[in-house]
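Chains as they are written, first to last, in this note's numbering: chain R, 1 to 395; chain C, 1001 to 1470.
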């Protein structure tokens, strides 16, 4: 059912030759050309640009075109007028701003009488957008279908009628936007997106699940890569909430969890933390701490970190093991603000050769270990890894 | 409309200073023939020059000038005769004690007829500001650059059909015109110092007066053009720059008016990504760099301080808002820097890959003597570390997800005695800040690697960065 559109933004043409200044005239006859087209540009993360077109009747000579608004937060400094139908002939001579009013008057010169299509653009507040994602993973969690939504929130107190919207990527939408409405629009759907299930054991970042048993908290994430090879890569994925479901294989789905998806440029990857894995148990202990004097009060420390890992799932898994060297140094009782000078020994299973060079920094070393599934007897295979670290030149 | 500024020719005969004391006056009110505003943007100051035609009779002619509810500096009001100046003379000027916004001139006339007089004064409450609208093409190679000026009148007086001039530059004022206007005439004791301090302005006023005379000779009252935006003539004026709006404008009290100052239709620009924490904060920002010169379709005028609104043609029959920011005065020939902020498609990380220490020096217990094993010295068990070199390996990791190569420039400041070793062909911006540049191809990741050696403790001999090629 249609209803009257409440416009708080009005464009008026004063009939007759321009009065200078127009608003000082006591008796005015004004024509009010309606909007012919509205485009809402949502591509700037901070501000929203509205472009509206109207067909205005111009007389030959100078015309006063009045733009007025009420109860809506238009940035008056940003308002521009351009003539689309005859930009070379129809010129804006000047703009006058009456006192105490949300209005302005353009003095527009036209070489002949007739209609002109003009476009008025301005920044408006309280008209913003957000992004949301929904995904349904396949039963084997190898791939998922991803839906991306743009949510337009119109609290600008202006009704735009049928308006085009563009978020800076993807397709343009055309929908009516009412006052105080939120519009959720499906902007993209990606099917068969490969997903990698990632487990992470990182004491410094995620702490213990059971400190007494030295059992680490192991978050599980879905990792998506925003490129063509992984079914995405058409445009950057914007920041927004992602809700992940899983197809239960019986025509229904179960909610796995949700996370904020960070802005992900093309070719970059995003991890969506869904929940804590309870079937992958990682116990971490420091097996050895030994200090050796180098010279004077200068010492080296030899530390062995042991990880006992069990995968109670019936599927193999890949676990990222991260160790913060700074936290490790603190853990063995050395308090220092200096960088940790460290090197890995080759006596352990986690040596230089297994280090993820791309993601290792001066403070954090990362390994990737593969975990076998539980056996046919339902018993998990315990995998033990050791990390030999020499912390050098401390005093 | 309320006219608050009035000039009155008093016709009570033998009235001199005591004119106001007469109980019965007959007055004529000569209207303005023309008015010119010269508005300064660095101070709340406008020089108003108005001309009126006054009919004099032979003998003494008292003239009253009043400016109720305006912001005029009374000490600045002057009367000159534009015609018949050899027959007219101001004998004295009186500021009556009981009428704060009024003065009288006693004019001795040998003329019996009309003469054109000019009244000049300073007022506050009229201001102007520049702003700019830039629209880049979809390829981000050229832009349309439009400059505007906006005049705002809060002076208490309507100025109709005024010639408007605007001055860009920073002038010196020893007292604010608004304060003078509100205080009234300054004390006699202060007058001399005040006048002395105002000399630079007086000189400017004289210069402006000469300019005006030339314009008048050239025919000042240009009819308003109805077909095109008014031309704004730009010219240098000592350390300042003067914009003169073609024809006349009406600017009423509390209104403001915006006009186009200039436009460049095809202004080339380049894009550079800069990491300069001292200037732009701790992030890599995207810059549009253009030059205010004729080669760039600009350069007709310095750009006064103002807000820039930068849009891009989004290639879909619409605009994208890129940024709005203030710019400071840009002289002709200087580069204009527009900071678009962080670009989420060009990602910059500063990653420390390694750290190690060597070149240790030890201090002997309780003795001011230092030993180094590298020098073959024997170090004892109670010796303590007193100096060392700390070596750090860093990369500036840049990932370019845009569909074009990007130019990046990185400038960092390091405290201490630092050796900067790299193959990046760095230069020193200052004694603590190496800088270097690179191009990152589209869709590529680039690691700009360098090593830093910080000489610590007693090893530190300097507080500066030295460069070493790798």
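Backbone N, C-alpha and C define an ideal beta-carbon position, used for all residues, glycine too.
None of the values given here were measured: they were computed from a predicted structure.
What's the gap between the Cα of residue i and the Cα of residue j?
| i | j | result |
| --- | --- | --- |
| residue 75(R) | residue 48(R) | 11 Å |
| residue 1193(C) | residue 1089(C) | With a pLDDT of only 43 at residue 1193(C), under the threshold of 50, the placement of this residue in the model should not be trusted, and no figure is reported. |
| residue 1285(C) | residue 1124(C) | 40 Å |
| residue 1191(C) | residue 1117(C) | Confidence is the limiting factor: at residue 1191(C) the pLDDT is only 45, short of 50, which leaves the residue's position unreliable, though a coordinate-based value still follows. Answer to the nearest angstrom: the Cα atoms are 25 Å apart. |
| residue 1254(C) | residue 102(R) | 14 Å |
| residue 35(R) | residue 55(R) | 8 Å |
| residue 1331(C) | residue 128(R) | 38 Å |
| residue 1176(C) | residue 1071(C) | 11 Å |
| residue 1292(C) | residue 1262(C) | 12 Å |
| residue 66(R) | residue 1238(C) | 40 Å |
| residue 223(R) | residue 269(R) | 7 Å |
| residue 1478(C) | residue 59(R) | No information on residue 1478(C) is available, as it lies outside the stretch 1001 to 1470 that chain C covers here. |
| residue 1211(C) | residue 1038(C) | Low per-residue confidence applies at residue 1211(C): pLDDT is 40, beneath 50, and the placement is therefore not dependable enough to give any value. |
| residue 342(R) | residue 332(R) | 14 Å |
| residue 1061(C) | residue 1106(C) | 6 Å |
| residue 155(R) | residue 1042(C) | 39 Å |
| residue 1213(C) | residue 1092(C) | Note that residue 1213(C) scores 40 on pLDDT, short of 50, meaning its location in the model is unreliable and no value can be drawn from it. |
| residue 1318(C) | residue 41(R) | 8 Å |
| residue 1345(C) | residue 235(R) | 10 Å |
| residue 384(R) | residue 350(R) | 10 Å |
| residue 1104(C) | residue 1182(C) | 19 Å |
| residue 1297(C) | residue 232(R) | 42 Å |
| residue 1431(C) | residue 241(R) | 47 Å |
| residue 1304(C) | residue 1129(C) | 8 Å |
| residue 1139(C) | residue 1031(C) | 57 Å |
| residue 1436(C) | residue 1447(C) | 13 Å |
Along the chain, where does the beta strand (DSSP E) that runs through residue i open and close?
| i | result |
| --- | --- |
| residue 1434(C) | 1433-1440 |
| residue 144(R) | 143-154 |
| residue 91(R) | 91-97 |
| residue 69(R) | 61-69 |
| residue 252(R) | Segment: none, residue 252(R) is in no beta strand (DSSP E) and carries neither H nor E. |
| residue 1358(C) | 1346-1363 |
| residue 309(R) | 298-311 |
| residue 334(R) | Run containing residue 334(R): none; DSSP gives neither H nor E here. |
| residue 161(R) | 161-166 |
Would you mind reading off the limits of the alpha helix (DSSP H) that contains residue i?
| i | result |
| --- | --- |
| residue 1280(C) | 1277-1280 |
| residue 329(R) | 325-331 |
| residue 205(R) | 203-206 |
Mind pulling the chain A residues with CB within less than 7 Å of residue i?
| i | result |
| --- | --- |
| residue 1362(C) | In the displayed structure, chain A is absent; the protein chains listed are R and C. |
Which ranges would you report for the beta strand (DSSP E) in the stretch 348-375 of chain R if only whole runs of at least 3 residues count?
Within the stretch 348-375 of chain R, the runs of beta strand (DSSP E) at least 3 residues long that lie entirely inside it are, in chain order, 364-371.
Members of the stretch 1234-1263 of chain C that neighbour chain R once the beta carbon cut-off is set at 7 Å
Cβ contacts with chain R come from 1250, 1252, 1254, 1255, 1256, 1257, 1258 and 1259.
The stretch 1121-1132 of chain C: which residues have C-beta closer than 8 Å to a C-beta of chain R, in chain order?
Within the stretch 1121-1132 of chain C, the qualifying residues are 1131.
When the Cβ atoms of the stretch 1147-1165 of chain C are set against those of the stretch 1100-1116 of chain C, are three or more pairs found closer than 8 Å?
Touching, no, given that fewer than three Cβ pairs across the two stretches are closer than 8 Å.
Could you say if the stretch 1446-1456 of chain C and the stretch 1406-1426 of chain C meet the contact criterion of at least three C-beta pairs nearer than 8 Å?
The stretch 1446-1456 of chain C is in contact with the stretch 1406-1426 of chain C.
Can we say the stretch 354-362 of chain R touches the stretch 1366-1374 of chain C, given the rule of at least three CB pairs closer than 8 Å?
Taking 8 Å as the limit for Cβ pairs, the verdict is that the stretch 1366-1374 of chain C does not touch the stretch 354-362 of chain R.
Could you check whether the stretch 163-180 of chain R touches the stretch 193-205 of chain R, counting it as contact only if at least three pairs of C-beta atoms, one from each stretch, sit closer than 8 Å?
Contact between the stretch 163-180 of chain R and the stretch 193-205 of chain R is absent, because fewer than three Cβ pairs lie under 8 Å.
Beta strand (DSSP E) runs wholly inside the stretch 1042-1128 of chain C, at least 3 long, in chain order:
Under the rule that a run must span 3 or more residues, the beta strand (DSSP E) segments found entirely inside the stretch 1042-1128 of chain C read 1045-1056, 1059-1067, 1078-1081, 1088-1094, 1102-1109 and 1113-1123.
Taking Cβ-Cβ distances below 8 Å as the criterion, which residues of the stretch 1335-1354 of chain C are in contact with chain R?
Contacts with chain R (Cβ-Cβ distance below 8 Å) from the stretch 1335-1354 of chain C involve 1344, 1345, 1347, 1351, 1352, 1353 and 1354, listed in chain order.
Would you list, in chain order, the members of the stretch 256-267 of chain R that have their beta-carbon closer than 7 Å to a beta-carbon of chain C?
Of all residues in the stretch 256-267 of chain R, the ones placed with a Cβ closer than 7 Å to any Cβ belonging to chain C are 263, 265, 266 and 267, in chain order.
Members of the stretch 31-58 of chain R that neighbour chain C once the beta carbon cut-off is set at 9 Å
Correct list: 39, 41, 43, 44, 45, 46, 47, 48, 49 and 51.
Spell out a yes or no on whether the stretch 1351-1366 of chain C and the stretch 1380-1393 of chain C are touching, meaning 3 or more CB-CB pairs, one atom from each, closer than 8 Å.
The stretch 1351-1366 of chain C makes contact with the stretch 1380-1393 of chain C; the number of CB pairs closer than 8 Å reaches 3 or more.
Give me the subset of the stretch 77-95 of chain R whose CB atoms are less than 8 Å from a CB atom of chain C, sorted by chain position.
Interface annotation for the stretch 77-95 of chain R against chain C: 77, 78, 80, 91, 92, 93, 94 and 95, criterion Cβ-Cβ distance under 8 Å.
Of all the residues that make up the stretch 222-249 of chain R, which are near chain C by a beta-carbon distance shorter than 8 Å?
Of all residues in the stretch 222-249 of chain R, those with a C-beta nearer than 8 Å to a C-beta of chain C are 236, reading in chain order.
Do the stretch 107-116 of chain R and the stretch 77-92 of chain R make contact, defined as three or more Cβ pairs closer than 8 Å?
Short answer: they touch.
Stretch-stretch touch, CB-based, cutoff 8 Å, three pairs: the stretch 321-331 of chain R with the stretch 288-308 of chain R
Yes, the stretch 321-331 of chain R touches the stretch 288-308 of chain R.
Please list the residues of the stretch 106-130 of chain R that have a C-beta atom closer than 8 Å to any C-beta atom in chain C, keeping them in chain order.
For the stretch 106-130 of chain R, the set of residues with a beta-carbon nearer than 8 Å to any beta-carbon of chain C comprises 109, 111, 121 and 123, in chain order.
Below 8 Å, can you find three or more Cβ-Cβ pairs linking the stretch 1272-1283 of chain C to the stretch 1395-1412 of chain C?
Cβ pair count under 8 Å is three or more, so yes.
Do the stretch 199-213 of chain R and the stretch 274-286 of chain R meet, that is, are 3 or more Cβ pairs less than 8 Å apart?
Yes, the stretch 199-213 of chain R touches the stretch 274-286 of chain R.
Whole beta strand (DSSP E) runs in the stretch 168-197 of chain R with 3 or more residues, listed along the chain?
Annotation note: the stretch 168-197 of chain R contains the following uninterrupted beta strand (DSSP E) runs of length 3 or greater, listed N- to C-terminal: 173-177 and 182-194.
For the stretch 348-364 of chain R, enumerate the residues whose C-beta is nearer than 7 Å to any C-beta of chain C, in chain order.
Within the stretch 348-364 of chain R, the residues whose Cβ lies closer than 7 Å to some Cβ of chain C are 361 and 362, listed in chain order.
Does the count of Cβ pairs from the stretch 364-379 of chain R and the stretch 307-315 of chain R closer than 8 Å reach three?
Between the stretch 364-379 of chain R and the stretch 307-315 of chain R there are three or more C-beta pairs closer than 8 Å, enough to call the two in contact.
Are the stretch 1062-1081 of chain C and the stretch 1131-1149 of chain C in contact at 8 Å, needing three or more beta carbon pairs?
Flag = no, the stretch 1062-1081 of chain C and the stretch 1131-1149 of chain C do not touch.
Beta carbons nearer than 8 Å to chain C: which residues of the stretch 211-222 of chain R have them?
Residues are counted here when their Cβ sits less than 8 Å from a Cβ of chain C; for the stretch 211-222 of chain R the count is zero.
Does the pairing of the stretch 139-151 of chain R with the stretch 178-187 of chain R give three or more beta-carbon distances under 8 Å?
With the rule of 3 Cβ pairs closer than 8 Å, the stretch 139-151 of chain R counts as touching the stretch 178-187 of chain R.
What are the start and end residues of each continuous alpha helix (DSSP H) run of 4 or more residues lying completely inside the stretch 1239-1295 of chain C, in chain order?
Runs of the alpha helix (DSSP H) inside the stretch 1239-1295 of chain C: 1277-1280.
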